[in-house]
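Undergrad: Chains A and B are the protein sequences, given in the same order. Quick note on our numbering: the first sequence kicks off at 688 and runs consecutively. Quick note on our numbering: the second sequence kicks off at -12 and runs consecutively.
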Amino acid sequence: MGESIRQRNRTGSSGVAAIARALREDPRFGPRFERWHSIPARAARTQDFPARVNPRLVDLHRSRGIAEVYEHQARAIAAALEGQDVLVATPTASGKTLCYSIPVLQALLDSKGSARSLFLFPTKALSQDQSAGLTTLVEALGEPWHAFTYDGDTPPPVRRTLRDRGHLVLTNPWMLHAGILPNHAKWSELFRDLAYVVVDEVHTLGGVFGSSVANVLRRLVRIARHYGSDPRFLLCSATLAEPAAHARRLLGRDVTVITEDASPCGERILGVYNPPMLNPVAGLRANALEEARELASVLCGKDHQTIFFCRRRTAVEVLTRYLKEGADRMGLSPGEIRGYRGGYLPNLRREIEVGLRSGEVKVVVSTNALELGIDIGALDVAVLVGYPGSQASFWQRAGRVGRRGKPSLVVQIARSEPVDQYLARHPEVLFGAPKERIGLDPDNLVILSEQVKCAAFELPFRALNRKPGQVGAELDDPAFGAVPEAAVVLDYLAEDAHMLQRRGDTWYWMADAYPAQDVSLDGEEPDNVLILDVDTKKAIGEIDRPGSLTTVHEGAIYQVEGETWIVERFDHANRRAYVRRVETDYFTEAEVDTEVRVLRLEERRTRARPDGEEDSAVWRGEVHVTTLATQYKKIRYYTRENVGAEAIHLPPEEIDTEAFVLSISDATAADLLLSAGDRGASWHGLGQLLRRVAPLFLRCQPRDLGVSTQVRSPHFRRPAIFLYDSVRGGVGLSELLFSGHRALLAAALDVVAHCACERGCPACVGPPEAVGALGKETAQAVLEHLASGPDLAPAPIEEEVATP
Amino acid sequence: MSEDEVRIRLARLLRVPRGARSQAADVPEAVAVVRERLRARERRAGPPDTLAPVGLEPESGGAVLARRVAFDADHRHGEWRLGEGAGADPRVFAQLCRDPALASLELSRALYLDTETSGLSGGAGTWVFLVGLGRFDAGRFEIWQGFLADPGAERALLLEAAARIRAASAVVSFFGKSFDRHRLEDKMRLHGIEPPFAGKAHLDLYHPLRRLYRAALEDARLKTLERELCGVARQDDLPGSRAPAAWFDFLHGRPHELEGVFRHNRDDVLSLVTLAAHLSRTLFETRADGSPLSGPAAARARAVAKVLVEAREHRQALAWFDRAVERGGGSIPADHARLWERARRRAGAGAAP
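Okay, here's the thing in structure tokens:
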């Protein structure tokens, strides 16, 4: 059967449409496709360049084959030229570059070369690509202006010239934070005439990183104002939920949002493939990677290019090897199949990229390394081995296929995970309006205080004159002035941290230090635990401190790509774990106890039962979380037989953060039979499920959320589930969960209700050993109750509950 | 949230999160509140009185505080008179620094510059809190030490320093091309003041002295060079590394170490004068009065020879290599032997008819 399909592929003129048809008709694969979804081709909507665009720029673009612009480009350019801040949130390959390159070049032309612009890209590769493009344009204008990339690779002797002569400076948030802003005097030429700040890929600005970058932008605005400029912001992003709100949180001001995409698009076909069920009782499906290998016989061929996206580097290697071994069965040579991931040397990467652009490479297996930025041309078929974790990632991967006007095919292989299985049933979610909201909280006190510290190093802060009787201070500052906590943070840095001195109405940096060096943007704390091999005396790895409790406690088996070490000693205080190579037939799994204590509640919603008593409630507030590793189990490979358990002796991890809380009253719990024996286990399973489904609505990884389930919460005196932000102080996830909890409950219900397992499995609430024999049934009943009926209404926070 | 609440929350969040320490640091909220109140009261009390070191006078209408200290040209700093460099042939500077702009530098008309800063890291937050500028005037050497007694007066200090530097024909410093100049320029740009260094001859003593003596001395720090070359032995010197803390302490009402910083800066400037004079005598190997130039003579001669090889003055280089052997009476390091060979070959070739 596979033979005839391949014949058609090779000879087929209609390319991917034929492959899609072959998959549907294939007796083995066809039935495993849960859903097919297609979006018809769409023609471009173009118009003339906006009237304000300088004729030289119009000519330049016409001479390069761009006679007209897409409607969304025209709107973005017009808004930018009117002096508005703009966010263009449209899909990959919709021509976003033009939306900022025209205003930026026009500013240069209008000012006869004095206006400057700064560009922020999240990756080096992206800024180098863009730098080449902008250089070509500037050179074509025939003016002595320069675009250059300023990053860690820029040689120091060159930097000085670039600082003084660069009109368009392309860099990344890290360089801006630690290199440019602290040395702003060296960049005074740039800041004096800064016309535009372009920030690309702003949908990646979430969590700790995004919240930090938002503060870096506040610092940038401060410095620009100091030198007398007031730059406009041009933001670009993939399609995203609530773009206006995201931009406002990021910049602290309203921007013009453009989301209508008028670029042309070929027909898009999406097939969701669910691997066959191996064990219906356990809900265990065949391995996604193995299935990818099988499907390759149909999906790969000589006449088109296929890209496989894997979630892990090791998966890339394994699949590449499989495919190379089976190359001749696909009519390919092993050399036409390549792997691609971070960690490859730059030359090798460039070679593969060139091979993809020229068409010599027919199949590439990649991690997210090929997700954004790197120019590999458009391919034909994308295979996503597992849902990449966010809608933005999905579209960035899917956006790698589809040549102008031609149809493209995306095959998503579902794993035995709640989100994968949910999307297998609801592929329309992927195609609909984006649902994931981005957690971003620039005023997180931890992040704010670190960033205010950096800002104070750069320029002193001044307080506005206090009105008589006023307690706190207000800042005379173009960026941090709007942050109510900033003055308190400054006092804290002056009086407790002794880094600043307040003299009269001014806070001055007063320490022998360079703070940006010690402040990370991604929240990676400097106190990682180093893992040292006692025999070779070499470091074999590193792990963050919270993770160390469960992975490098004494007796733990530490694994790297199939090799195993045993932890002999864990020096917790000095953050060193000493390990020795061993061959083992078991691995270890640590158990943790998590205790959540409520510090302060900020919001509450409830609904009542028919008898007037409370039915259920959701809360939002500050919590203190204590995590204690209690014991670890030794588990035999393959059989998963438990061959022993030992205690772990480590101090607890503690953080203060923000949480979303779901509680149900005792009466409702009784109605739902939650009071029967297994209730703790099924309540726990439900908590885990909510955590794992959350990435459908929040731009986050499951690990960004912690969960604690309490069958009888000491605080609320009823069953409660806490979902908390795993970042100190929180970055806004709890607020998003609070406001979006109904959708979350509905999705969780959908997962449980449609899961093919009998009594719970890893793809829904967890296996029966963990959630009890009636765990799935109970959890489903609870979710049915909570997801239906009236919405919860805002309610005051009761005093007797709020005080512990 | 009230101000107090934010502060309590901040203290809690920023508490060192290490499990081992967190319990000890767990202050009951009531205690934290009281502590906050006390701190707030202290804050309202205003900054403590500050005491300036002796002799600081307001200038520029009171905006700048400065101390002036003058010396006779015959004043001895170590074994050298301050005026000893007058009339020195500047071509030696151009040659040893490979900088033709120094060929017309006059030591008696130059400005000797040394600053004290709040740290070495650079960046906008590094303060230049003491600017020492020395120059000869009517037979006397005067040091002007402009001081930042209040960070709010930074602009005034920089304006004054910029004007003084701009008025000078040349600048002499030690490592100043790499450090002091940049700290001043950064701060001046920050305040919109045009930096005065562009196009001005700048003799940075560090590089030539290092070239001449690094082979023979433990290091090329100012302290080592002034001791070995000019016989300077400082008494009760406050090490430069303690300057930032001394200034921070002063600003917090504890001025006791600041006088030491002023002295240290003054002595640095004086050493610039004598080291420059010393450097000007390098090719003579004697002081103006005919006495031998102190310092490791063999290493110096070898280094001079090397500089001459690079300048393609092969005949002269050869003569200096010979001198090096005479002065040191011993072997020549391998890399110099190679240069010597080259000089000999080239000198020989040049001499051939």
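Glycine included, each C-beta is placed from N, C-alpha and C at the ideal position. Since we're looking at a predicted model, the values are computed, not measured.
I want to know whether the stretch 789 to 803 of chain A touches the stretch 879 to 890 of chain A - three or more CB-CB distances under 8 angstroms.
TA: Because the criterion of three Cβ pairs below 8 angstroms is met, the stretch 789 to 803 of chain A and the stretch 879 to 890 of chain A touch.
Undergrad: Please name the residue or residues paired with residue 858 (chain A) in a DSSP beta bridge.
TA: Note: residue 858 (chain A) sits in a beta bridge opposite A:807.
Undergrad: Return the CA-CA distance between residue 311 (chain B) and residue 288 (chain B), expressed in angstroms with no decimal places.
TA: If I take the Cα positions, the gap works out to 5 angstroms.
Undergrad: Say whether chain B places a C-beta atom closer than 7 angstroms to the C-beta of residue 862 (chain A).
TA: No - not a single Cβ of chain B is within 7 angstroms of the one on residue 862 (chain A).
Undergrad: Kindly list, in the order they appear in chain A, the residues whose Cβ is closer than 9 angstroms to that of residue 191 (chain B).
TA: Neighbours of residue 191 (chain B) on chain A: none; closest Cβ ~17 angstroms, over 9 angstroms.
Undergrad: Would you please state the rounded distance, in angstroms, between the beta carbons of residue 1094 (chain A) and residue 953 (chain A)? I believe it to be under 8 angstroms.
TA: Confirmed, about 5 angstroms.
Undergrad: Is the beta carbon of residue 796 (chain A) closer than 7 angstroms to that of residue 821 (chain A)?
TA: Contact: no.
Undergrad: Pull the bridge partners of residue 119 (chain B) from the DSSP assignment, please.
TA: DSSP lists B:101, B:132 as partners of residue 119 (chain B).
Undergrad: Quick one: which unbroken alpha helix (DSSP H) runs of 4-plus residues sit fully inside the stretch 1103 to 1150 of chain A? Chain order, please.
TA: Correct list: 1105 to 1112, 1114 to 1118, 1132 to 1145.
Undergrad: Using only alpha-carbon positions, find the residue among B:156, B:197, B:222, B:333 that is nearest to residue 212 (chain B).
TA: Of the listed residues, the one whose Cα sits closest to residue 212 (chain B) is B:197.
Undergrad: Taking only three categories from DSSP, how would you classify residue 279 (chain B)?
TA: Correct three-state label for residue 279 (chain B): strand.
Undergrad: Using a beta-carbon distance cut-off of less than 8 angstroms, what residues from the stretch 220 to 253 of chain B approach chain A?
TA: Here the close residues are 231, 232, 235, 238, 239.
Undergrad: Note down the Cα distance separating residue 245 (chain B) from residue 41 (chain B), rounded to an integer number of angstroms.
TA: Going from the Cα of residue 245 (chain B) to the Cα of residue 41 (chain B) covers about 10 angstroms.
Undergrad: For residue 1283 (chain A) versus residue 1352 (chain A), is the C-beta distance shorter than 7 angstroms?
TA: No; because the gap between Cβ atoms is not below 7 angstroms, this pair is not in contact.
Undergrad: Less than 7 angstroms between the C-beta atoms of residue 945 (chain A) and residue 729 (chain A), yes or no?
TA: No.
Undergrad: Could you say if the stretch 798 to 808 of chain A and the stretch 858 to 865 of chain A meet the contact criterion of at least three C-beta pairs nearer than 8 angstroms?
TA: Judged by Cβ distances under 8 angstroms, the stretch 798 to 808 of chain A makes contact with the stretch 858 to 865 of chain A, as three or more pairs qualify.
Undergrad: Output, in chain order, the set of chain A residues within a Cβ distance shorter than 7 angstroms of residue -4 (chain B).
TA: Within chain A, the residues near residue -4 (chain B) are 1132.
Undergrad: List the residues of chain B that residue 1258 (chain A) touches, going by C-beta distances under 7 angstroms, in chain order.
TA: Residues of chain B passing the Cβ test: none, with the nearest at roughly 11 angstroms.
Undergrad: Pull up the CB-CB distance for residue 1126 (chain A) and residue 1393 (chain A), whole angstroms please, since I reckon it's below 8 angstroms.
TA: Not confirmed; about 14 angstroms, so no contact.
Undergrad: Give me the chain B residues within the contact set of residue 722 (chain A), using Cβ-Cβ distance strictly less than 7 angstroms, ordered along the chain.
TA: The premise fails here: residue 722 (chain A) is roughly 46 angstroms from chain B at the closest Cβ pair, so nothing lies under 7 angstroms.
Undergrad: Which residues in the same chain as residue 1350 (chain A) place their Cβ atom closer than 8 angstroms to its Cβ, once the five residues preceding and following it in sequence are excluded?
TA: 1303, 1304, 1305, 1306, 1400, 1403, 1405, 1406, 1407, 1408.
Undergrad: Does the structure place the stretch 980 to 994 of chain A close enough to the stretch 708 to 717 of chain A that three or more beta carbon pairs sit under 8 angstroms?
TA: The stretch 708 to 717 of chain A vs the stretch 980 to 994 of chain A: in contact.
Undergrad: Determine the burial state of residue 89 (chain B): buried for a count of at least 16 other Cβ atoms within 10 Å of its Cβ, exposed for fewer.
TA: Classification for residue 89 (chain B): buried.
Undergrad: Given a limit of 9 angstroms on CB to CB distance, which residues of the stretch 181 to 211 of chain B reach chain A?
TA: Listed in sequence order: no entries.
Undergrad: Compute the distance between the beta-carbons of residue 1043 (chain A) and residue 1063 (chain A), then report whether it is under 7 angstroms.
TA: It is a contact, given that the beta carbons lie within the stated cut-off.
Undergrad: Please identify the residue among A:1296, A:1291, A:1469 whose C-alpha is closest to the C-alpha of residue 1309 (chain A).
TA: Out of A:1296, A:1291, A:1469, A:1291 has the C-alpha closest to the C-alpha of residue 1309 (chain A).
Undergrad: Taking the continuous alpha helix (DSSP H) assigned at residue 307 (chain B), which residues delimit it?
TA: It spans 301 to 315 - the alpha helix (DSSP H) in which residue 307 (chain B) sits, taken as one unbroken run.
Undergrad: Exposed or buried, residue 978 (chain A), counting other C-beta atoms within 10 Å across all chains shown (16 or more means buried)?
TA: Counting Cβ neighbours within 10 Å, residue 978 (chain A) comes out buried, since at least 16 surround it.
Undergrad: Please report the straight-line C-alpha distance between residue 1029 (chain A) and residue 1338 (chain A), rounded to a whole angstrom.
TA: When rounded, the distance between both Cα atoms is 36 angstroms.
Undergrad: Taking the alpha carbon of residue 739 (chain A) as the point to measure from, which residue in A:765, A:721, A:727 has its own alpha carbon closest?
TA: For residue 739 (chain A), the nearest C-alpha among the options comes from A:765.
Undergrad: Enumerate in chain order the residues of its own chain whose CB-to-CB distance from residue 906 (chain A) is below 6 angstroms, with the five nearest sequence positions on each side excluded.
TA: Closer than 6 angstroms at the Cβ level, and outside the excluded window around residue 906 (chain A), lie 868, 1142.
Undergrad: Any beta carbon from chain B within less than 7 angstroms of residue 1333 (chain A)'s own beta carbon?
TA: Chain B contact via Cβ: absent.
Undergrad: So residue 1208 (chain A) and residue 1172 (chain A) are in contact, right, with Cβ under 8 angstroms, and what is the actual spacing, rounded?
TA: The pair is not a contact, with the Cβ atoms about 20 angstroms apart (cut-off 8 angstroms).
Undergrad: Would residue 260 (chain B) pass as a contact of residue 69 (chain B) if the rule is Cβ separation under 7 angstroms?
TA: Yes, the Cβ-Cβ distance between residue 260 (chain B) and residue 69 (chain B) is below 7 angstroms.
Undergrad: Need the endpoints of the beta strand (DSSP E) that residue 189 (chain B) sits in, please.
TA: Where residue 189 (chain B) is concerned, the enclosing beta strand (DSSP E) stretches over 188 to 191.
Undergrad: Counting Cβ pairs, one atom from each stretch, are 3 or more of them under 8 angstroms apart for the stretch 986 to 1005 of chain A and the stretch 1068 to 1077 of chain A?
TA: Enough Cβ pairs lie closer than 8 angstroms, so yes.
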